[in-house]
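**Q** Handing you a structure now.
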Amino acid sequence: MSSTKYILGCFDDPDLLMDGITKLQKNSVPIYDVYSPMPIHGIEDKLGVKESRLGYAAFCFGCLGATVIFSIVYYTLVHDWPMNIGGKPNFAIPNFVPFTFEWTILFTAFGMVLTFFFATHLFPGRAPRVMDLRATDDRFVIAISAKGNTPHDDITRLLKEAGAVEIKHNERKYVSYE
Amino acid sequence: MASHSEAIIREPLITGKNITYAQITNEVLRPVENKPNLAWWIGFGLASMGATMWLFCISWTFWFGIGEWGLNKTVGWAWDITGFVWWVGIGHAGTLISAVLLLFRQNWRNSINRSAEAMTIFAVVCAATYIFGHMGRPWLAYWTLPLPNQYGSLWVDWNSALMMDVFAISTYFSVSLVFWYTGLLPDIASIRDRATGLRRRIYSILSFGWSGSVKTWQRFETVSLILAGISTPLVLSVHTIVSFDFATSLEPGWHTTIFPPYFVAGAIFSGFAMVQTLLLIVRKVLGLENYITMFHIESMNKIILLTGSIVGVAYITEFFIAWYSGVEYEQYAFINRATGPYWWAYWSMMTCNVITPQLFWSKWVRTNIPFSWVLSIIVNIGMWFERFVIIVTSLHRDFLPSSWVMFYPTWVDVGIFVGSIGLFFTMFLLFLRVLPSVAMAEVKLLVKTASEQSKKKLLDGGHVDPDHAAYYKESLEKYDSVDLTQYQKA
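In order, the protein sequence lines correspond to chains L and U. Counting along the first sequence from 1, when you hit position 65 you're at 132 in the numbering used here, and nothing is skipped either side. Counting along the second sequence from 1, when you hit position 237 you're at 326 in the numbering used here, and nothing is skipped either side.
Structure (structure tokens):
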């Protein structure tokens, strides 16, 4: 039993990486994850990653923001301390619009981004879980768990055929902890 | 799939031979990973002197009160609000580039959005200093918030445009900051993975543990798109609300319904001019000619031309409506602007904002770097005068001729304004040193589709309509970063 934990196929071109994924999938090699320095369009469909639901979260936060500020303005201006300003109505909705609009945006932005950070486990000080240091520079990396049934040599051969410039057999999952 | 080539007739967004992903990282991070050069130190020295002057003058104001400014009973707003509106307007270009151009799928935004967004944030910081400065008692700034208080919970006045401004500017600043920082995460991770020691630790904390996995990128793109979608109406609302400060008053010259669109157009106009002022220098000093190309410069000049013309039409419309309204106070306010004691401010505004930008109709001017740079500065001067004209010229001749006065700035007024420019440049120069000035991840996206080399490959492949090829080659002539000799033989 080798001590390899993860096999990394490092590509220098996103199109070759996509070929690599096709090859691995044809041979039923499960892919752990893919790391890239830029988004690769179309990869989510290939890997079966479901569409993000952050848009729904954003919508809910927006509704919350609108409700909160509208309630505050209503409470202060109409309910708690109505003022007679030239006999004009207290509940002047047009004047509420700018506040409601701004806080809709504010809550949408912060709510959605914080949800994104929470769901993706991003926060200041989190130890970066990086498998290959060049994956944020110029390498497109397919990570394959070495615990699977496929012989390591076969995986290596498949990756090489697909055009990987480097294949790593890492004994540690993450290199960035050192 | 991941990449398919773009039509040949579109100009390349990245120039240079054999640009690789690694080269982009290296070139963009050069100023971040190395000691600054002399040009940076000279710039930083001058800027920080300005910032020091700002600190001195604003402290002087806080200590002695705003009586130290040139304001008087008639002219209650002058350089402070002029500076505020000027800076907020400048900030608008960053959001426009990052949000509106993203929604329109304008890929040329990719290499300029980062520095433009940084500019937005620093400009809004400068604008905020004027808000606090003009309050007189800045330690009571929290009175603008709807907090329960000892006066029997007498709440803030929600009917006031100034209150709307508090909400608009604070939302704009914080949402811009979030947008900018989220976009920075992948690039900070790139710095982190190349750094060692303490630098690595710092950038590691700042990177939030970014790994670049599929799901992270997918969500990142969703977040960027939605943030762009909400920032677009936000940026339009902010300057609209700034214009409410004037438009909802009963002051002749201010009380006009054209103000919101006219302010927004002016904001984009001045913002793009400031982006141009900064980036023309940055691309040269940091050697980013291959990423911020002549196409980018020309596109921005076209936007300056368009928005400048909108502003021009707005000035003329304002004048026409003043006459057409039949209101003699309104008519007087406008005649006084053009021919009164501040005629020079009005005509400076007209010249700088309406007349000189029309030079951009000429392609030669649009693609000439020194010319574009000078014109961008002229636009900035013109836009400062626009706000000065609107504010001071409308106020200085009151309804009562007995209270007619002139406004003269004191050294404190001038010091705060000039100093705030120093403050802005200090922040911008520090940004260039510690964070990548070009969004690397986004530029890398263009390498296989919209770069000169990918188009060269397409040309060499030979399956291109010869007319299109000729058109494309002709479009390359304006670039200062393209080696034309390699296209001669083909």
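Even glycine gets a Cβ: it sits at the ideal position worked out from N, Cα and C. Keep in mind the model is a prediction, meaning the values are calculated, not measured.
Three-state secondary structure (DSSP) at E95 of chain U?
**A** Counting from one through the second sequence, the residue named residue 95 of chain U turns up at place 6. If DSSP states are grouped into helix, strand and coil, E95 of chain U belongs with coil.
**Q** What is the DSSP secondary structure of V101 of chain L, reduced to helix, strand or coil?
**A** If you number the first sequence from 1, residue 101 of chain L lands on position 34. If DSSP states are grouped into helix, strand and coil, V101 of chain L belongs with the strands.
**Q** Pull up the distance between the alpha-carbon of T223 of chain L and that of I74 of chain L, whole angstroms please.
**A** Your numbering for residue 223 of chain L matches position 156 in the first sequence. Your numbering for residue 74 of chain L matches position 7 in the first sequence. Approximately 8 angstroms between the Cα atoms of the pair.
**Q** Quick one: is Y261 of chain U buried, meaning 16 or more other Cβ sit within 10 Å of its Cβ, or exposed?
**A** Taking the first residue of the second sequence as position 1, residue 261 of chain U is located at position 172. It counts as buried.
**Q** Under 8 angstroms, Cβ to Cβ, is there at least one residue of chain L near A111 of chain U?
**A** For this step, residue 111 of chain U is matched to residue 22 along the second sequence. For A111 of chain U, the answer is yes, since a Cβ of chain L falls inside 8 angstroms of its Cβ.
**Q** Could you give the distance in angstroms between the alpha-carbon of T382 of chain U and the alpha-carbon of Y240 of chain U?
**A** Indexing the second sequence from 1 puts residue 382 of chain U at position 293. Indexing the second sequence from 1 puts residue 240 of chain U at position 151. Using only the alpha carbons, I get a separation of about 59 angstroms.
**Q** If you compare alpha carbons, which of L:L181, L:Y142, L:P161 and L:P97 is closest to N216 of chain L?
**A** Numbered from its first residue, the first sequence carries residue 216 of chain L at position 149. The candidate whose alpha carbon is nearest that of N216 of chain L is L:P97.
**Q** Between the segment 237 to 258 of chain U and chain L, which residues of the former have CB atoms less than 7 angstroms from a CB of the latter, in chain order?
**A** S242, L243, W244, W247, N248, M253, F256 and A257
**Q** Let me know if L339 of chain U comes out buried or exposed under the rule of 16 or more other beta-carbons within 10 Å of its beta-carbon.
**A** As a position in the second sequence, residue 339 of chain U is number 250, starting the count at 1. Result: exposed.
**Q** For a contact meaning CB atoms closer than 8 angstroms, what does S302 of chain U contact in chain L?
**A** One-based indexing of the second sequence puts residue 302 of chain U at position 213. Those within 8 angstroms of S302 of chain U in chain L are D100, V101 and Y102.
**Q** For L185 of chain U, collect the residues of the same chain with a Cβ closer than 7 angstroms to its Cβ; drop the 5 residues on either side in sequence, then sort them by chain order.
**A** For the purposes of this step, residue 185 of chain U is taken as residue 96 along the second sequence, with counting starting at 1. Result list for L185 of chain U: V324, I357 and G360, in chain order.
**Q** Enumerate, from N- to C-terminal direction, the unbroken alpha helix (DSSP H) stretches of 4 or more residues contained entirely within the segment 256 to 312 of chain U.
**A** Correct list: 286 to 295.
**Q** Does any residue of chain L bring its CB to less than 8 angstroms from the CB of G298 of chain U?
**A** Numbered from 1 along the second sequence, position 209 holds the residue referred to as residue 298 of chain U. For G298 of chain U, the answer is yes, since a Cβ of chain L falls inside 8 angstroms of its Cβ.
**Q** When burial is assigned at 16 or more other CB atoms within 10 Å of the CB, is E190 of chain L buried or exposed?
**A** Here residue 190 of chain L is taken as the residue at index 123 of the first sequence, counted from 1. Per the sequence shown, the amino acid found at residue 190 of chain L is Phe instead of Glu. It is exposed - the Cβ of F190 of chain L has fewer than 16 other Cβ atoms within 10 Å.
**Q** Quick one: what does DSSP say F460 of chain U is sitting in, helix, strand or coil?
**A** On the second sequence, residue 460 of chain U is found 371 positions in, with the first residue counted as 1. Helix at F460 of chain U.
**Q** Please report whether the beta-carbon of T382 of chain U lies at a distance below 8 angstroms from any beta-carbon of chain L.
**A** In the second sequence, the residue the question calls residue 382 of chain U occupies position 293. Put simply, the CB of T382 of chain U is far from chain L, with every gap to its CB atoms at 8 angstroms or more.
**Q** Using 8 angstroms as the threshold, is the C-beta distance between G159 of chain U and P498 of chain U below it?
**A** Looking up residue 159 of chain U in the second sequence gives position 70. Looking up residue 498 of chain U in the second sequence gives position 409. Result yes, Cβ atoms of G159 of chain U and P498 of chain U sit closer than 8 angstroms.
**Q** Below 8 angstroms between beta carbons: does that hold for N157 of chain L and V145 of chain L?
**A** Along the first sequence, one-based indexing puts residue 157 of chain L at 90. Along the first sequence, one-based indexing puts residue 145 of chain L at 78. Yes, the Cβ-Cβ distance between N157 of chain L and V145 of chain L is below 8 angstroms.
**Q** For G178 of chain L, return the contacting residues in chain U, with the cut-off set at a CB-CB distance below 7 angstroms.
**A** Here residue 178 of chain L corresponds to residue number 111 of the first sequence, with the count starting at 1. In chain order: nothing, as chain U lies at least about 11 angstroms away.
**Q** Can you check DSSP and say which residues form a bridge with N237 of chain L?
**A** Translated into positions along the first sequence, residue 237 of chain L becomes position 170. In the DSSP output, where bridge partners are listed per residue, N237 of chain L has L:Y73.
**Q** Give every residue of the same chain whose Cβ lies closer than 6 angstroms to the Cβ of G180 of chain U, excluding the five residues on either side of it in the sequence, and list them in chain order.
**A** The residue labelled residue 180 of chain U in the question sits at position 91 within the second sequence. Cβ within range, chain order: T209, A212 and V213.
**Q** Going by DSSP in three states, A207 of chain U sits in which element: helix, strand or coil?
**A** Numbered from its first residue, the second sequence carries residue 207 of chain U at position 118. A207 of chain U: helix per DSSP, three-state reduction.
**Q** Going by the DSSP bridge assignment, what does I103 of chain U pair with across the sheet?
**A** Within the second sequence, residue 103 of chain U is the residue found at index 14, counting from 1. The partner list for I103 of chain U (beta bridge, DSSP) reads U:S540.
**Q** May I ask which residues mark the beginning and end of the alpha helix (DSSP H) holding A422 of chain U?
**A** Mapped onto the second sequence, residue 422 of chain U falls at position 333. Note, A422 of chain U: alpha helix (DSSP H), E417 to T428.
**Q** Taking the straight line between their C-alpha atoms, what separation do you get for W433 of chain U and F477 of chain U?
**A** Counted from its first residue, the second sequence places residue 433 of chain U at position 344. Counted from its first residue, the second sequence places residue 477 of chain U at position 388. So the two alpha carbons sit approximately 11 angstroms from each other.
**Q** Between W306 of chain U and chain L, is any beta-carbon pair separated by less than 8 angstroms?
**A** By one-based count along the second sequence, residue 306 of chain U stands at place 217. So yes, W306 of chain U belongs to the interface.
**Q** Starting from A210 of chain L, trace the beta strand (DSSP E) in both directions and tell me its first and last residue.
**A** Along the first sequence, read from residue 1 onward, the residue named residue 210 of chain L stands at position 143. Run containing A210 of chain L: F207 to S212, per the beta strand (DSSP E) assignment.
**Q** First and last residue of the alpha helix (DSSP H) that includes M516 of chain U?
**A** What you label residue 516 of chain U is simply residue 427 of the second sequence in a count that begins at 1. Run containing M516 of chain U: W500 to V523, per the alpha helix (DSSP H) assignment.
**Q** Which residues in chain U sit within 9 angstroms of S119 of chain L, going by Cβ to Cβ distance?
**A** As a position in the first sequence, residue 119 of chain L is number 52, starting the count at 1. Neighbours of S119 of chain L on chain U, chain order: K304, Q307, R308, E310, T311 and V312.
**Q** When you compare only the Cα positions, how much space is there between G76 of chain L and V232 of chain L?
**A** Here residue 76 of chain L is taken as the residue at index 9 of the first sequence, counted from 1. Here residue 232 of chain L is taken as the residue at index 165 of the first sequence, counted from 1. Spanning the two alpha carbons is a distance of roughly 8 angstroms.
**Q** Candidates U:A111, U:L127, U:V303 and U:F133: which alpha carbon is nearest I110 of chain L's?
**A** The residue labelled residue 110 of chain L in the question sits at position 43 within the first sequence. It is U:V303 whose Cα lies nearest to the Cα of I110 of chain L.
**Q** Going by C-alpha distance, which of U:T218, U:G225 and U:V255 is nearest L234 of chain U?
**A** On the second sequence, residue 234 of chain U is found 145 positions in, with the first residue counted as 1. Selection U:T218, U:G225 and U:V255 evaluated against L234 of chain U yields U:V255 as nearest (Cα-Cα).
**Q** For R486 of chain U, which of U:S300, U:N161, U:V364 and U:N238 has the nearest alpha-carbon?
**A** On the second sequence, residue 486 of chain U is found 397 positions in, with the first residue counted as 1. Among U:S300, U:N161, U:V364 and U:N238, the Cα nearest to that of R486 of chain U belongs to U:N161.
**Q** When DSSP labels each residue in this structure, what does F78 of chain L get in the three-state scheme?
**A** Stepping through the first sequence from its first residue, residue 78 of chain L is reached at position 11. Collapsing the DSSP output to three states places F78 of chain L in a strand.
**Q** Chain U partners of V140 of chain L, CB-CB under 7 angstroms?
**A** Numbered from its first residue, the first sequence carries residue 140 of chain L at position 73. The answer, in chain order, is W247.
**Q** Would A210 of chain L and T167 of chain L qualify as a contact pair, given that the criterion is a beta-carbon distance under 8 angstroms?
**A** Numbered from 1 along the first sequence, position 143 holds the residue referred to as residue 210 of chain L. Numbered from 1 along the first sequence, position 100 holds the residue referred to as residue 167 of chain L. For A210 of chain L and T167 of chain L, no; Cβs fall outside 8 angstroms.
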